[in-house]
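Written out below as structure tokens is the structure these notes cover.
Protein chains: 2
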Amino acid sequence: MILRQATALVLRDFRLEAGLSQEQLARQSGIDRTYISGVERGVRNITLDSLETIVLALGVSQSEFVETLHNHLKMVKAVD
Amino acid sequence: MILRQATALVLRDFRLEAGLSQEQLARQSGIDRTYISGVERGVRNITLDSLETIVLALGVSQSEFVETLHNHLKMVKAVD
DNA sequence: GTGTGACTTAAAGTCCGTC
DNA sequence: AGACGGACTTTAAGTCACA
């Protein structure tokens with residue numbers, strides 16, 4: 001599932017860019033650290049609402065997040 | 001949940017553009033018609049995997065879908 | 001500071017139908 | 001053709017101990 005994998009990568013990138021640990025993001029989002037870990041590794045099939053919660057906790061606008069996701073998906077497309 | 005609502009609108013737009021009924025899309029995607037109905041109305045909190053399945057069944061690339069989603073989210077942002 | 005397996009309980013997703 | 005409901009099955013949400 002490429003959408004899931006792309007989302008995982010983008011979420012991790014934004015988190016690191018924000019200088020946050022999974023633990024800090026967990027506190028700010030109210031979502032368990034181990035769940036965030038699973039999402040970033042692409043092993044959890046997250047819902048849109050949970051995704052939105054995490055994105056907002058990262059201090060990123062939904063628009064910005066989706067734009068970055070789009071850039072990643074374009075690259076994947078260019079590879080195959 | 002704005003991500004959910006934006007997704008709902010974009011999905012419906014793409015389906016109508018493709019000239020498909022919810023029932024036809026349900027058959028092509030293997031996802032229940034009542035569920036697709038709920039997603040398009042924004043009352044269902046879909047997972048990324050299911051979303052990907054529906055998008056692909058619409059004959060739309062993930063990249064294109066996410067790009068359109070981004071455009072909708074930008075507009076929402078401009079309004080508030 | 002993160003990955004992972006195992007677990008419970010909420011909710012995703014299906015299938016039947018009616019309006 | 002699509003909204004909506006009820007009962008059902010499967011899986012995501014959410015948490016823990018431990019590596």
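Those sequence lines, one after another, are chains H and D.
Quick note: the first sequence, position 61, residue 61 per full-length UniProt numbering, numbers continuous.
Quick note: the second sequence, position 18, residue 18 per full-length UniProt numbering, numbers continuous.
All C-beta atoms in this analysis are idealised placements derived from N, C-alpha and C, irrespective of residue type, glycine included.
None of the values given here were measured: they were computed from a predicted structure.
query, result
"Assuming V55/D contacts A8/D under a Cβ cut-off of 8 Å, what Cβ separation, rounded to an integer in Å, is found between them?", "The Cβ separation is near 13 Å, so there is no contact."
"Which word fits L3/H, buried or exposed, when buried means at least 16 other C-beta atoms lie within 10 angstroms of its C-beta?", "buried"
"When you compare each of E17/H, H72/H, S63/H and T53/H to M1/D by their alpha carbons, which one comes out closest?", "T53/H"
"Kindly give me the distance between the Cβ atoms of V76/D and L69/H, rounded to whole angstroms, as I take these residues to be in contact under 8 Å.", "Contact doesn't hold; Cβ gap of about 16 Å is too wide."
"What residue range is occupied by the uninterrupted alpha helix (DSSP H) comprising I36/H?", "R33 to E40"
"R41/D to Q22/H, Cα distance in whole Å?", "33 Å"
"When we look at the beta-carbon of V43/D and count the other beta-carbons within 10 Å, is it buried (16 or more) or exposed?", "exposed"
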